[in-house]
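Working notes, structure below.
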DNA sequence: CACGAGACCTGTTCGC
DNA sequence: TGCGAACAGGTCTCGT
């Protein structure tokens with residue numbers, strides 16, 4: 561799915577608006593079209609429509625990989641999972657293949673949730689903080705110091721890569737940015753979390769923040785047939801570069817499977 | 001607690 | 001060309 565930088569890019573697209581994409585803030589939700597029932601996690605479709613129609617979109621936020629559309633007195637929470645995306649569409653646009661939930665806005669314009677693989681989920685909740693309470697800290701939270709991060713790493717005895725993907729440990733990092741962050745920090749993906757020194761933890765936190773920032777700066781990554789407008793994919797150092805030379809030492813990048821996820825690293829720069 | 005397998009899904013690419 | 005396998009930005013549940 562979109563990871564933190566992609567979700568942040570989508571958030572900004574709808575918050576700030578652009579040429580072909582007006583800001584959604586201040587628009588009203590006038591109707592609902594649910595095209596794939598399981599996309600709507602809760603409440604049930606009838607209640608969802610009843611509660612959301614008539615509400616005005618306020619601030620648009622993000623927590624980890626969750627998008628938060630704050631409405632008058634509730635919050636629309638969206639998780640794009642692997643293949644989800646959101647599109648603004650003028651009135652009279654044909655309903656595209658893979659649209660799963662369409663919100664009708666003023667004058668027939670629409671906000672469409674498109675998701676080929678149907679893994680994405682939508683909720684309408686009164687208390688978003690409660691439903692997001694399981695998430696770990698935001699990577700950019702200034703309260704998360706290198707010392708705190710090291711201490712949190714010490715509390716587990718796990719391979720570092722799957723731990724970084726654990727949203728309860730740290731919110732927002734996914735497969736791309738975990739590989740890129742570990743590469744930049746020169747840490748092997750199988751390193752035990754509690755084997756990292758304070759210096760290693762500090763380097764890893766700074767590296768994760770750096771690659772996430774680069775991703776946001778480039779509006780995220782667009783890969784395979786899933787295009788999201790960004791171009792960070794042209795700046796990968798490890799992810800999906802199997803067999804290509806490491807940009808630091810020319811050793812071919814290796815691919816292994818860790819926690820059932822493709823994992824890319826430089827066997828020379830990232831020693832176990 | 002840590003970890004692997006399987007599930008949920010569709011589409012693209014790879015290998016024979 | 002054709003066809004099945006492998007793979008894809010995520011997360012949940014279950015069994016060991």
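In this note's numbering, the protein residues as written are 561 to 832. Even glycine gets a Cβ: it sits at the ideal position worked out from N, Cα and C. These figures come from a predicted structure and were not determined experimentally.
Under the three-state DSSP convention, the category residue i falls into
i, result
"residue 835", "As displayed, the chain neither begins before 561 nor continues past 832, which places residue 835 out of reach and without an answer."
"residue 807", "coil"
"residue 694", "coil"
"residue 767", "helix"
"residue 841", "Any question about residue 841 goes unanswered here, given that the chain covers just 561 to 832."
"residue 832", "coil"
"residue 792", "helix"
"residue 587", "coil"
"residue 636", "strand"
"residue 602", "strand"
"residue 567", "helix"
"residue 541", "Outside the shown range of the chain, which is 561 to 832, sits residue 541, and nothing can be said about it."
"residue 827", "coil"
"residue 787", "coil"
"residue 753", "helix"
Neighbourhood of residue i by C-beta distance below 6 angstroms, restricted to the same chain and skipping five residues each side
i, result
"residue 779", "569, 789, 790"
"residue 733", "724"
"residue 624", "695, 727, 731, 732"
"residue 509", "Any question about residue 509 goes unanswered here, given that the chain covers just 561 to 832."
Span separating the alpha-carbon of residue i from that of residue j
i, j, result
"residue 728", "residue 583", "31 angstroms"
"residue 606", "residue 619", "25 angstroms"
"residue 830", "residue 595", "46 angstroms"
"residue 766", "residue 792", "18 angstroms"
"residue 797", "residue 755", "24 angstroms"
"residue 775", "residue 563", "9 angstroms"
"residue 609", "residue 700", "35 angstroms"
"residue 708", "residue 805", "35 angstroms"
"residue 710", "residue 721", "15 angstroms"
"residue 632", "residue 588", "10 angstroms"
"residue 801", "residue 714", "31 angstroms"
"residue 567", "residue 628", "10 angstroms"
"residue 565", "residue 773", "7 angstroms"
"residue 591", "residue 794", "39 angstroms"
"residue 745", "residue 643", "28 angstroms"
"residue 576", "residue 617", "13 angstroms"
"residue 574", "residue 585", "8 angstroms"
"residue 580", "residue 757", "48 angstroms"
"residue 691", "residue 828", "42 angstroms"
"residue 807", "residue 640", "32 angstroms"
"residue 787", "residue 676", "12 angstroms"
"residue 689", "residue 654", "36 angstroms"
"residue 737", "residue 768", "7 angstroms"
"residue 593", "residue 572", "24 angstroms"
"residue 811", "residue 712", "32 angstroms"
"residue 783", "residue 659", "20 angstroms"
Contact test: residue i Cβ vs the ligand HEM heavy atom, cutoff 7 angstroms
i, result
"residue 776", "The ligand content of the structure shown is nil, which means the ligand HEM is not present either."
Residue environment, residue i, which counts as buried when at least 16 other CB atoms sit within 10 Å
i, result
"residue 681", "buried"
"residue 656", "exposed"
"residue 809", "exposed"
"residue 803", "exposed"
"residue 777", "exposed"
"residue 702", "exposed"
"residue 600", "buried"
"residue 735", "buried"
"residue 645", "buried"
"residue 652", "exposed"
"residue 604", "exposed"
Cβ shell of residue i (< 7 angstroms), same chain only, five flanking positions each side left out
i, result
"residue 650", "669"
"residue 598", "678"
"residue 816", "823"
"residue 647", "672, 674"
"residue 740", "771, 796, 797, 798, 799"
"residue 622", "567, 568, 571, 628"
Same chain, Cβ closer than 8 angstroms to residue i, five either side skipped, listed in chain order
i, result
"residue 634", "611, 612, 615, 684, 685, 686"
"residue 719", "749, 750, 751, 752, 753, 818, 819"
"residue 716", "723, 729, 753, 754"
Inter-stretch contact at 8 angstroms, needing at least 3 Cβ pairs: the segment 660-670 / the segment 696-704: Contact between the segment 660-670 and the segment 696-704 is absent, because fewer than three Cβ pairs lie under 8 angstroms.
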